[in-house]
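Engineer: Have a look at this one before I ask anything.
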Amino acid sequence: MSGHEPQIKISIPAAASRLLGALRRAGFEAYVVGGCVRDSLLGRTPGDWDICTSALPEQITEVLSGVAKIIPTGINHGTVTVLLRKAWHPMEVTTFRTESEYDDCRHPNHIEFVSAVAEDLKRRDFTVNAMAYNDKSGVIDLFGGREDLRGGIIRCVGNAEERFSEDALRIMRAMRFAAVCGFKIEPDTAAAMHKKCGLLKNISAERIYSEFKKM
Numbered sequence: 003m004s005g006h007e008p009q010i011k012i013s014i015p016a017a018a019s020r021l022l023g024a025l026r027r028a029g030f031e032a033y034v035v036g037g038c039v040r041d042s043l044l045g046r047t048p049g050d051w052d053i054c055t056s057a058l059p060e061q062i063t064e065v066l067s068g069v070a071k072i073i074p075t076g077i078n079h080g081t082v083t084v085l086l087r088k089a090w091h092p093m094e095v096t097t098f099r100t101e102s103e104y105d106d107c108r109h110p111n112h113i114e115f116v117s118a119v120a121e122d123l124k125r126r127d128f129t130v131n132a133m134a135y136n137d138k139s140g141v142i143d144l145f146g147g148r149e150d151l152r153g154g155i156i157r158c159v160g161n162a163e164e165r166f167s168e169d170a171l172r173i174m175r176a177m178r179f180a181a182v183c184g185f186k187i188e189p190d191t192a193a194a195m196h197k198k199c200g201l202l203k204n205i206s207a208e209r210i211y212s213e214f215k216k217m
């Protein structure tokens, strides 16, 4: 596991940096996370900047309500949408969390808020999407995401069959990332995709179409 790599510098937009700073000054951990870190490391301009934090949803609201409009889009899941005044784009800010039991092969039955970013990154789909960053800590890469970016590999975090059983749409996402990035799918991940592909019957046609469209 790669851990903290402070030497890497990612250029974070002013709006996202302002939110990170506000949360940190209030005593919470906060990072940009997921696709924006992946795209930045690939030299691409991210379309969205998502933030994860140790602050609970009500604490996020309390800290940021003075500088931004808060929209409780998924507050039961720890997510609020934040729109800074004069900002270019709404951003999602989500509490660190773990998830368990996915009866519909898409949404977790249980969510638990946690205080450590490492626990939050464990629940994510692929290593290249399971990295977090802030200017103080640098890149937090616990599952070899940077190495897989360099090698052009799509690999599940942890057990691939479990990841696809939790959310069958990840099968389509793996295909999309491989197609869009020109990456190869790691053999164990590919085998699990074939084994679990029948679970896609539980996913709405609209969701599947959306993944095809993004390809």
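Read left to right, the sequence shown gives residues 3 to 217 (my numbering).
We treat Cβ as the ideally placed atom computed from N, Cα and C, and that holds for glycine.
Residue 43: buried (16+ other C-beta within 10 angstroms of its C-beta) or exposed?
Structural biologist: Its Cβ being crowded by 16 or more others within 10 Å, residue 43 is buried.
Engineer: Out of curiosity, what's the CA-to-CA distance linking residue 160 and residue 125?
Structural biologist: Distance between the alpha carbons of residue 160 and residue 125: 9 Å.
Engineer: Of all the beta strand (DSSP E) runs that stay within the bounds of the stretch 84-147, which reach a length of 3 or more residues?
Structural biologist: Whole beta strand (DSSP E) segments, 3+ residues: 93-97, 99-102, 112-115, 133-136 and 140-143.
Engineer: Can you give me the C-alpha to C-alpha distance between residue 41 and residue 48, rounded to a whole angstrom?
Structural biologist: So the alpha carbons of these two residues sit roughly 6 Å apart.
Engineer: Determine the extent of the beta strand (DSSP E) in which residue 169 is found, giving its start and end residues.
Structural biologist: Note, residue 169: premise wrong, no beta strand (DSSP E); not H, not E.
Engineer: Whose CA, out of 144, 134, 180 and 168, lies closest to the CA of residue 153?
Structural biologist: Out of 144, 134, 180 and 168, 180 has the C-alpha closest to the C-alpha of residue 153.
Engineer: Kindly indicate which three-state DSSP category residue 198 falls into: helix, strand or coil?
Structural biologist: If DSSP states are grouped into helix, strand and coil, residue 198 belongs with the helices.
Engineer: Going by DSSP in three states, residue 3 sits in which element: helix, strand or coil?
Structural biologist: With a pLDDT of 47 at residue 3, under the threshold of 50, the modelled position of this residue cannot be trusted; read the value that follows with caution. If DSSP states are grouped into helix, strand and coil, residue 3 belongs with coil.
Engineer: Name, in chain order, the residues that DSSP records as bridge partners for residue 158.
Structural biologist: Partner(s): 128.
Engineer: Our contact map puts residue 39 next to residue 141 with C-beta atoms below 8 Å; I'd like the distance itself, whole angstroms only.
Structural biologist: At roughly 7 Å, the Cβ-Cβ gap stays under 8 Å, so residue 39 and residue 141 are in contact.
Engineer: Which residue's Cα is closest to the Cα of residue 200: 182, 123, 63 and 169?
Structural biologist: When only C-alpha atoms are compared, the closest one is 169.
Engineer: Indicate whether residue 63 and residue 75 have their beta-carbon atoms separated by less than 7 Å.
Structural biologist: The answer is no: Cβ separation not under 7 Å.
Engineer: Out of 87, 79, 80 and 77, state which residue places its alpha-carbon closest to the alpha-carbon of residue 21.
Structural biologist: With distances taken between Cα atoms, residue 21 lies closest to 87.
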